[in-house]
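What follows is one structure encoded as C-alpha coordinates, with my remarks underneath.
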Amino acid sequence: MKKLILGAILSCLTLTEAYAVPNRMYFGTDVAYDFNKVDGGPRFEAINPPVNQEVRAPESIMSAVVNAGYNFSENFGVEAFYQISDSKDKTYDRIASLNSQLNAETSYQAYGLDMIAYIKSTDKVDWLLSAGVAQYNFETKFKYSAGGVLQKSTVKDDSIGFRLGAGLQINFDDYISFRAMYRYIFADIPGIDKMQEIIVGVRIGFDPFFY
417 MKKLILGAIL SCLTLTEAYA VPNRMYFGTD VAYDFNKVDG GPRFEAINPP VNQEVRAPES
477 IMSAVVNAGY NFSENFGVEA FYQISDSKDK TYDRIASLNS QLNAETSYQA YGLDMIAYIK
537 STDKVDWLLS AGVAQYNFET KFKYSAGGVL QKSTVKDDSI GFRLGAGLQI NFDDYISFRA
597 MYRYIFADIP GIDKMQEIIV GVRIGFDPFF Y
(Lines of atoms letter the chains of each structure in order from A and count residues from 1; the text may use other names and numbers.)
(Lines give C-alpha, C1' and ligand atoms only; values in the text may rest on other atoms or scores of the structure.)
Protein backbone atom coordinates (compact mmCIF):
# COMPACT_ATOMS: atom_id res chain seq x y z
CA MET A 1 0.00 0.00 0.00
CA LYS A 2 2.86 2.41 0.83
CA LYS A 3 4.38 1.86 -2.63
CA LEU A 4 1.01 2.64 -4.24
CA ILE A 5 0.64 5.86 -2.24
CA LEU A 6 4.23 6.89 -3.01
CA GLY A 7 3.63 6.27 -6.72
CA ALA A 8 0.50 8.44 -6.65
CA ILE A 9 2.39 11.24 -4.92
CA LEU A 10 5.21 11.11 -7.49
CA SER A 11 2.65 11.20 -10.29
CA CYS A 12 1.16 14.35 -8.78
CA LEU A 13 4.59 15.98 -8.86
CA THR A 14 5.36 15.17 -12.51
CA LEU A 15 2.08 15.85 -14.37
CA THR A 16 1.95 18.76 -16.83
CA GLU A 17 -0.53 20.62 -19.03
CA ALA A 18 -3.02 21.93 -16.52
CA TYR A 19 -5.45 24.81 -16.06
CA ALA A 20 -4.92 25.56 -12.35
CA VAL A 21 -3.92 29.18 -11.73
CA PRO A 22 -0.44 29.36 -10.10
CA ASN A 23 -0.13 31.11 -6.73
CA ARG A 24 -3.88 31.09 -6.27
CA MET A 25 -5.37 30.43 -2.84
CA TYR A 26 -8.94 29.17 -2.47
CA PHE A 27 -11.63 28.15 -0.05
CA GLY A 28 -14.25 25.51 -0.71
CA THR A 29 -17.03 23.36 0.61
CA ASP A 30 -18.20 19.86 -0.30
CA VAL A 31 -20.99 17.42 0.36
CA ALA A 32 -19.67 13.87 0.72
CA TYR A 33 -21.47 10.53 0.52
CA ASP A 34 -19.60 7.64 2.13
CA PHE A 35 -20.37 4.02 1.29
CA ASN A 36 -18.60 1.31 3.25
CA LYS A 37 -18.12 -2.45 3.20
CA VAL A 38 -19.02 -3.45 6.76
CA ASP A 39 -18.33 -6.67 8.68
CA GLY A 40 -18.99 -5.57 12.27
CA GLY A 41 -18.54 -2.49 14.39
CA PRO A 42 -18.31 -1.09 17.92
CA ARG A 43 -19.40 -3.12 20.93
CA PHE A 44 -21.66 -2.19 23.85
CA GLU A 45 -20.77 -3.79 27.17
CA ALA A 46 -22.60 -3.67 30.52
CA ILE A 47 -22.22 -5.61 33.77
CA ASN A 48 -25.66 -5.40 35.39
CA PRO A 49 -27.49 -6.84 33.56
CA PRO A 50 -24.67 -8.52 31.62
CA VAL A 51 -24.66 -7.32 27.98
CA ASN A 52 -22.03 -7.74 25.28
CA GLN A 53 -23.51 -6.65 21.96
CA GLU A 54 -21.73 -5.72 18.72
CA VAL A 55 -23.48 -3.29 16.37
CA ARG A 56 -22.78 -2.77 12.68
CA ALA A 57 -20.86 0.27 11.54
CA PRO A 58 -22.73 2.55 9.07
CA GLU A 59 -22.84 1.24 5.51
CA SER A 60 -23.48 4.78 4.25
CA ILE A 61 -23.32 8.23 5.78
CA MET A 62 -23.42 11.85 4.60
CA SER A 63 -20.93 14.51 5.65
CA ALA A 64 -20.00 18.15 5.11
CA VAL A 65 -16.47 19.32 4.28
CA VAL A 66 -14.77 22.70 4.42
CA ASN A 67 -11.34 23.15 2.87
CA ALA A 68 -8.62 25.62 2.00
CA GLY A 69 -5.98 25.16 -0.68
CA TYR A 70 -3.05 26.68 -2.51
CA ASN A 71 -1.83 26.05 -6.08
CA PHE A 72 1.96 26.12 -6.27
CA SER A 73 1.96 25.76 -10.06
CA GLU A 74 -0.35 25.02 -12.97
CA ASN A 75 -0.25 21.31 -12.23
CA PHE A 76 0.18 20.97 -8.49
CA GLY A 77 -1.47 22.16 -5.27
CA VAL A 78 -2.27 21.21 -1.68
CA GLU A 79 -5.59 21.27 0.16
CA ALA A 80 -6.35 21.07 3.88
CA PHE A 81 -9.81 19.94 4.98
CA TYR A 82 -12.09 19.40 7.95
CA GLN A 83 -15.01 16.98 7.65
CA ILE A 84 -17.93 16.24 9.95
CA SER A 85 -20.55 13.59 9.30
CA ASP A 86 -24.23 13.19 9.97
CA SER A 87 -25.32 10.72 12.66
CA LYS A 88 -26.53 7.22 11.83
CA ASP A 89 -28.95 5.60 14.29
CA LYS A 90 -29.59 1.88 14.74
CA THR A 91 -31.92 0.26 17.27
CA TYR A 92 -31.73 -3.33 18.50
CA ASP A 93 -34.60 -4.87 20.52
CA ARG A 94 -34.58 -7.76 23.00
CA ILE A 95 -30.83 -7.73 23.59
CA ALA A 96 -30.71 -9.34 27.03
CA SER A 97 -34.43 -9.52 27.87
CA LEU A 98 -37.81 -9.14 26.21
CA ASN A 99 -38.21 -5.49 27.27
CA SER A 100 -34.64 -4.33 26.52
CA GLN A 101 -33.57 -1.99 23.76
CA LEU A 102 -30.18 -0.76 22.54
CA ASN A 103 -29.78 2.41 20.46
CA ALA A 104 -26.45 3.20 18.74
CA GLU A 105 -25.71 6.60 17.19
CA THR A 106 -22.52 6.75 15.10
CA SER A 107 -20.75 9.76 13.58
CA TYR A 108 -17.22 10.80 12.70
CA GLN A 109 -14.92 13.75 12.18
CA ALA A 110 -11.81 13.90 9.99
CA TYR A 111 -9.10 16.40 9.15
CA GLY A 112 -6.02 16.20 6.96
CA LEU A 113 -4.12 17.24 3.86
CA ASP A 114 -4.38 16.20 0.20
CA MET A 115 -2.02 16.86 -2.70
CA ILE A 116 -3.90 17.66 -5.92
CA ALA A 117 -2.64 17.16 -9.50
CA TYR A 118 -4.41 18.98 -12.36
CA ILE A 119 -4.45 17.43 -15.85
CA LYS A 120 -5.84 19.69 -18.56
CA SER A 121 -8.77 18.31 -20.56
CA THR A 122 -10.19 21.46 -22.16
CA ASP A 123 -9.90 25.18 -21.49
CA LYS A 124 -12.56 24.83 -18.81
CA VAL A 125 -12.20 21.25 -17.54
CA ASP A 126 -9.38 19.56 -15.58
CA TRP A 127 -8.97 15.95 -14.60
CA LEU A 128 -7.87 15.62 -10.96
CA LEU A 129 -5.74 13.11 -9.06
CA SER A 130 -5.23 13.32 -5.31
CA ALA A 131 -3.17 11.62 -2.61
CA GLY A 132 -3.30 12.49 1.07
CA VAL A 133 -3.44 11.54 4.72
CA ALA A 134 -6.04 12.28 7.39
CA GLN A 135 -7.02 11.59 10.98
CA TYR A 136 -10.42 9.85 11.33
CA ASN A 137 -12.26 9.94 14.67
CA PHE A 138 -15.37 7.76 14.96
CA GLU A 139 -17.76 7.96 17.90
CA THR A 140 -20.71 5.73 18.81
CA LYS A 141 -23.09 6.78 21.58
CA PHE A 142 -25.03 3.91 23.18
CA LYS A 143 -28.31 4.07 25.10
CA TYR A 144 -29.45 0.80 26.67
CA SER A 145 -32.80 0.51 28.46
CA ALA A 146 -34.05 -2.54 30.37
CA GLY A 147 -36.59 -2.76 33.18
CA GLY A 148 -36.95 1.01 33.36
CA VAL A 149 -33.18 1.52 33.82
CA LEU A 150 -31.25 3.56 31.23
CA GLN A 151 -27.50 3.10 30.72
CA LYS A 152 -25.34 5.29 28.49
CA SER A 153 -21.81 4.85 27.18
CA THR A 154 -19.59 6.09 24.36
CA VAL A 155 -17.12 4.12 22.26
CA LYS A 156 -14.45 6.00 20.31
CA ASP A 157 -12.26 4.62 17.51
CA ASP A 158 -9.61 6.56 15.61
CA SER A 159 -7.23 5.83 12.76
CA ILE A 160 -4.82 7.48 10.37
CA GLY A 161 -6.25 7.13 6.86
CA PHE A 162 -4.43 7.29 3.52
CA ARG A 163 -6.56 8.71 0.71
CA LEU A 164 -6.40 8.28 -3.07
CA GLY A 165 -8.85 10.09 -5.33
CA ALA A 166 -9.75 10.97 -8.91
CA GLY A 167 -12.28 13.31 -10.44
CA LEU A 168 -12.84 16.43 -12.49
CA GLN A 169 -13.09 20.17 -12.03
CA ILE A 170 -15.11 22.57 -14.17
CA ASN A 171 -13.61 26.06 -14.13
CA PHE A 172 -16.20 28.76 -14.77
CA ASP A 173 -13.39 31.35 -14.62
CA ASP A 174 -10.10 31.83 -12.76
CA TYR A 175 -11.93 32.15 -9.44
CA ILE A 176 -14.97 29.87 -9.33
CA SER A 177 -15.06 26.14 -10.08
CA PHE A 178 -17.16 23.04 -9.53
CA ARG A 179 -15.51 19.81 -8.38
CA ALA A 180 -16.61 16.16 -8.25
CA MET A 181 -14.38 13.31 -7.05
CA TYR A 182 -14.29 9.66 -6.01
CA ARG A 183 -11.97 8.73 -3.14
CA TYR A 184 -10.77 5.44 -1.65
CA ILE A 185 -9.62 5.56 1.99
CA PHE A 186 -7.25 3.11 3.67
CA ALA A 187 -8.19 3.33 7.38
CA ASP A 188 -8.23 0.86 10.27
CA ILE A 189 -11.70 1.41 11.74
CA PRO A 190 -13.30 -1.60 13.52
CA GLY A 191 -16.03 -3.12 11.38
CA ILE A 192 -15.23 -1.18 8.19
CA ASP A 193 -13.33 -3.19 5.59
CA LYS A 194 -13.51 -0.62 2.79
CA MET A 195 -14.24 3.10 3.03
CA GLN A 196 -15.13 5.02 -0.11
CA GLU A 197 -16.70 8.39 -0.80
CA ILE A 198 -18.07 10.60 -3.54
CA ILE A 199 -17.82 14.36 -3.12
CA VAL A 200 -19.29 17.33 -4.98
CA GLY A 201 -18.52 20.92 -4.16
CA VAL A 202 -17.32 24.36 -5.16
CA ARG A 203 -14.01 26.24 -4.93
CA ILE A 204 -13.65 30.04 -4.77
CA GLY A 205 -10.16 31.39 -5.46
CA PHE A 206 -8.40 34.64 -4.62
CA ASP A 207 -4.94 36.13 -4.94
CA PRO A 208 -2.88 35.82 -1.72
CA PHE A 209 -1.65 39.00 -0.06
CA PHE A 210 1.98 38.08 -0.79
CA TYR A 211 1.45 37.66 -4.54
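Residues 417 to 627 (our numbering) are what the sequence shown spells out, left to right.
Idealized CB from N, CA, C, for every residue including glycine.
Predicted model, so just to flag it, every value in this text is computed and none were measured.
{"Item": "For Gly621, does the count of other Cβ atoms within 10 angstroms reach 16, so buried, or fall short, so exposed?", "Value": "buried"}
{"Item": "Going by the CB atoms, is the gap between Ala526 and Ala550 shorter than 8 Å?", "Value": "yes"}
{"Item": "Taking the CB atoms as reference points, tell me whether Asn468 and Glu461 lie closer together than 8 Å.", "Value": "yes"}
{"Item": "Would you mind working out which of Lys506, Phe497, Lys610, Val618 sits nearest Leu584, comparing C-alpha positions?", "Value": "Val618"}
{"Item": "Quick check on the burial criterion: 16 or more other C-beta atoms within 10 angstroms. Buried or exposed for Glu475?", "Value": "exposed"}
{"Item": "On a Cα-Cα basis, can you pick out the residue from Val437, Ser546, Ile477, Ala603 that is closest to Ser575?", "Value": "Ala603"}
{"Item": "What separation, rounded to the nearest whole angstrom, lies between the Cα atoms of Asp364 and Val541?", "Value": "Given that the chain is displayed from residue 417 to residue 627, the structure contains no residue 364 and the question cannot be resolved."}
{"Item": "DSSP puts Ser575 in a beta bridge; with which residues?", "Value": "Tyr552"}
{"Item": "Have a look at Lys572, Gly493, Arg472 and flag the residue whose alpha-carbon is nearest the alpha-carbon of Glu555.", "Value": "Lys572"}
{"Item": "For Met478, which residues of its own chain have a beta-carbon under 8 Å away from its beta-carbon, when the five flanking residues on both sides are left out?", "Value": "Val447, Ala448, Tyr449, Asp450, Ser501, Asp502"}
{"Item": "Going by the DSSP bridge assignment, what does Ile620 pair with across the sheet?", "Value": "Phe443, Ile592"}
{"Item": "Nearest to Gly444 by alpha carbon, out of Val494, Ile463, Arg472, Glu490?", "Value": "Val494"}
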